[in-house]
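Engineer:
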Amino acid sequence: MSQYSLSQDSKNKNVIIFDFDGVLADSFDYLYSLNRDGMGHIGLSFTKEQYRELFVGNVHQGFKDFINNDQKYLAFSEFRKANYDKYYYGEGKGVKLFSEAPTFIKKIGKKYILTIASSGKQENIKDLLKKGGVENSFDLILADSSHSKEGMIKEILNKYQATPGQAFFVTDTVGDIKEAKKHGLKTIAVTWGFHSKRRILEAHPDHVATDFNSLAEAIDKF
Numbered sequence: 000m001s002q003y004s005l006s007q008d009s010k011n012k013n014v015i016i017f018d019f020d021g022v023l024a025d026s027f028d029y030l031y032s033l034n035r036d037g038m039g040h041i042g043l044s045f046t047k048e049q050y051r052e053l054f055v056g057n058v059h060q061g062f063k064d065f066i067n068n069d070q071k072y073l074a075f076s077e078f079r080k081a082n083y084d085k086y087y088y089g090e091g092k093g094v095k096l097f098s099e100a101p102t103f104i105k106k107i108g109k110k111y112i113l114t115i116a117s118s119g120k121q122e123n124i125k126d127l128l129k130k131g132g133v134e135n136s137f138d139l140i141l142a143d144s145s146h147s148k149e150g151m152i153k154e155i156l157n158k159y160q161a162t163p164g165q166a167f168f169v170t171d172t173v174g175d176i177k178e179a180k181k182h183g184l185k186t187i188a189v190t191w192g193f194h195s196k197r198r199i200l201e202a203h204p205d206h207v208a209t210d211f212n213s214l215a216e217a218i219d220k221f
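Per numbering that gives the first Met the number 0, the sequence shown runs over residues 0 to 221.
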């Protein structure tokens, strides 16, 4: 038996799993700058395209493989941890939700169970959602800077006792689509995030959304 207890209303709703950065939050430039400077800290150059390419698979393993040195990887990780908030908030000019995101979230939150599975920091995610007035729209926020999405997907499916047919993943990266497909989840790819439309189509998502209106329409088709 599951450790979670669900209301009848929750049992009747489909579960949406959102990636956060690049889907709901406009964060690419800030996170790239953080990681570029972290690479510079250990003597490596790092382009935007190299950063994007890490999200084709497990991004954390991608960083390890790119650096290919345990001592340097540790120094890089320590730099990111020490400077994450500085770059994320950017002295008042940092990461924000996409302008259309709050209205979109409020609209679909009435019909679906909304969750987040992110490699970012949970406190930062909650802070941005609170600023957008939509923190309470999400039933569960899973965020961690070291684990893959696989464990998060399993936890979400377990909590809501959901079959793959009752849950789907919304993301902007090839790596997330691969993870979702391993669990039999339907996927919706957005084109305004870390990966371009051309790149993300290579992963064969079930639907592609080019704006928040088409994303809402795609969700309602499930």
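By construction, the Cβ of each residue, glycine as well, lies at the ideal position given by its N, Cα and C atoms.
Report the partner residues of Ile112 according to the DSSP bridge assignment.
Structural biologist: Here the question's residue 112 lines up with position 113 in the sequence shown. Its beta-bridge partners are Val14.
Engineer: Okay, do the segment 55-62 and the segment 169-187 touch, 3+ Cβ pairs below 8 Å being the bar?
Structural biologist: They touch, by the three-pair rule.
Engineer: May I have the straight-line CA-CA distance separating Asp171 from Ile218, to the nearest angstrom?
Structural biologist: Counting from 1 along the sequence shown, the entry for residue 171 is found at position 172. Counting from 1 along the sequence shown, the entry for residue 218 is found at position 219. Taking the straight line joining both Cα atoms gives about 15 Å.
Engineer: What are the boundary residues of the alpha helix (DSSP H) that includes Leu73?
Structural biologist: Translated into positions along the sequence shown, residue 73 becomes position 74. 69-88 is the extent of the alpha helix (DSSP H) around Leu73.
Engineer: If you run the structure through DSSP and keep just helix, strand and coil, what is Thr186?
Structural biologist: Reading the sequence shown from its first residue, position 187 is the one you call residue 186. Thr186: strand per DSSP, three-state reduction.
Engineer: Where does Lys158 fall in DSSP's three states?
Structural biologist: By 1-based counting over the sequence shown, the position of residue 158 is 159. If DSSP states are grouped into helix, strand and coil, Lys158 belongs with the helices.
Engineer: Determine the contact status of Phe27 and Met38, defining contact as a CB-CB distance below 7 Å.
Structural biologist: Taking the first residue of the sequence shown as position 1, residue 27 is located at position 28. Taking the first residue of the sequence shown as position 1, residue 38 is located at position 39. Their beta carbons are not under 7 Å apart, which means Phe27 does not touch Met38 by this criterion.
Engineer: Closest to Leu141 by CA distance: which of Leu156, Gly132, Lys130, Trp191 is it?
Structural biologist: Position 142 of the sequence shown, counted from the first residue, corresponds to residue 141. Minimum Cα distance to Leu141 is reached at Leu156.
Engineer: Under 7 Å Cβ to Cβ from Lys105, same chain only, skipping five residues before and after it: list those, please.
Structural biologist: Walking along the sequence shown from the start, residue 105 turns up at place 106. Hits under 7 Å: Val133, Ser136.
Engineer: Using the Cα positions of Phe193 and Phe17, report the straight-line distance between them to the nearest angstrom.
Structural biologist: Stepping through the sequence shown from its first residue, residue 193 is reached at position 194. Stepping through the sequence shown from its first residue, residue 17 is reached at position 18. Going by the C-alpha atoms only, they are around 14 Å apart.
Engineer: Identify the residues that DSSP records as bridge partners of Lys47: which are they?
Structural biologist: Reading the sequence shown from its first residue, position 48 is the one you call residue 47. Its beta-bridge partners do not exist; DSSP assigns none.
Engineer: Any idea which residues DSSP pairs Ile140 with across the strands?
Structural biologist: Walking along the sequence shown from the start, residue 140 turns up at place 141. For Ile140, which the question treats as bridged, DSSP gives the partners Ile115.
Engineer: Would you call the CB atoms of Phe103 and Phe19 closer than 7 Å?
Structural biologist: Numbered from 1 along the sequence shown, position 104 holds the residue referred to as residue 103. Numbered from 1 along the sequence shown, position 20 holds the residue referred to as residue 19. Going by C-beta atoms, Phe103 is not nearer than 7 Å to Phe19.
Engineer: For Gln49, which option in Gly108, Gly61, Ala208 has the closest C-alpha, if you only look at C-alpha atoms?
Structural biologist: Taking the first residue of the sequence shown as position 1, residue 49 is located at position 50. Measuring from the Cα of Gln49, the nearest candidate turns out to be Gly61.
Engineer: Bridge partners of Lys95, per DSSP?
Structural biologist: Reading the sequence shown from its first residue, position 96 is the one you call residue 95. Bridge partners of Lys95: Asp25.
Engineer: So what's Val133 in DSSP terms, helix, strand or just coil?
Structural biologist: For the purposes of this step, residue 133 is taken as the residue at position 134 of the sequence shown. In this structure, Val133 counts as coil in the three-state DSSP scheme.
Engineer: Leaving out five residues before and five after Phe221 in sequence, what residues of the same chain have Cβ atoms less than 7 Å from its Cβ?
Structural biologist: The count along the sequence shown starts at 1 and reaches residue 221 at position 222. Excluding positions up to five away in sequence, the list reads Asn13, Phe167, Lys185.
Engineer: Run the CB neighbour count on Gly174, radius 10 Å, all protein chains shown included, and call it buried at 16 or more, exposed below.
Structural biologist: If you number the sequence shown from 1, residue 174 lands on position 175. Flag for Gly174 reads buried.
Engineer: How big is the Cα-Cα spacing for Ala188 and Ala24?
Structural biologist: Walking along the sequence shown from the start, residue 188 turns up at place 189. Walking along the sequence shown from the start, residue 24 turns up at place 25. One C-alpha to the other measures close to 15 Å.
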